[in-house]
Amino acid sequence: MLPITTDKIAEVIILARELNRAEAEFDGFVNQLTPEEQTALVAVFWIGRGSFEADDLEEALRTAAEEATTPTVEYLKGSPHLANHLESGLEALGIDPTDAQDDLLR
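Residues in the sequence shown are numbered from -12 upward in steps of one, following our numbering.
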């Protein structure tokens, strides 16, 4: 089970798509997440990027916690495909990212 809600990941996806105009919102949102939620966000990102398989979620979570040397917000902003990787990661975990995003955009 993920230590972050789908809604929170969906919010990060939405903000990541608008990063050029919503960078302060993105930074504020990610920075207010708990360390466990930030770790989970990185793990989902890695799964979506193909660095880990969905079956390796626990290993991805452990690795993200152990290797966290850069602030999460800066690390995530370094990926030009952040939103796509988060969506792919959720899908790999059997979670439909579009429902949560649609709810947030209403």
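Glycine included, every Cβ here is placed at the ideal spot set by N, Cα and C.
Computed from a predicted structure; not experimentally measured.
- About 14 Å separates the beta carbon of Ile34 from that of Ala70, a gap too long to meet the 8 Å contact definition.
- Counting only the Cα atoms, Asp(-6) lies some 11 Å from Ile82.
- In summary, Pro67 is exposed, with fewer than 16 beta-carbon neighbours lying within 10 Å of its beta-carbon over all protein chains present.
- The C-beta distance from Ala27 to Ile(-9) rounds to 4 Å, short enough to fall under 8 Å.
- Cβ neighbours of Phe39 within its own chain (closer than 6 Å, five residues either side excluded): Trp33 and Ala47.
- Ranked by how close their Cα comes to the Cα of Gln19, the residues Val60, Arg36 and Ala30 have Val60 in first place.
- Within the region 48 to 91, the runs of alpha helix (DSSP H) at least 4 residues long that lie entirely inside it are, in chain order, 59 to 64 and 69 to 79.
- Taking C-alpha positions only, Asp86 is separated from Phe13 by approximately 20 Å.
- 7 Å or more divides the Cβ of Val17 from the Cβ of Ala51.
- Asp42 has its alpha-carbon roughly 31 Å from the corresponding atom of Gly15.
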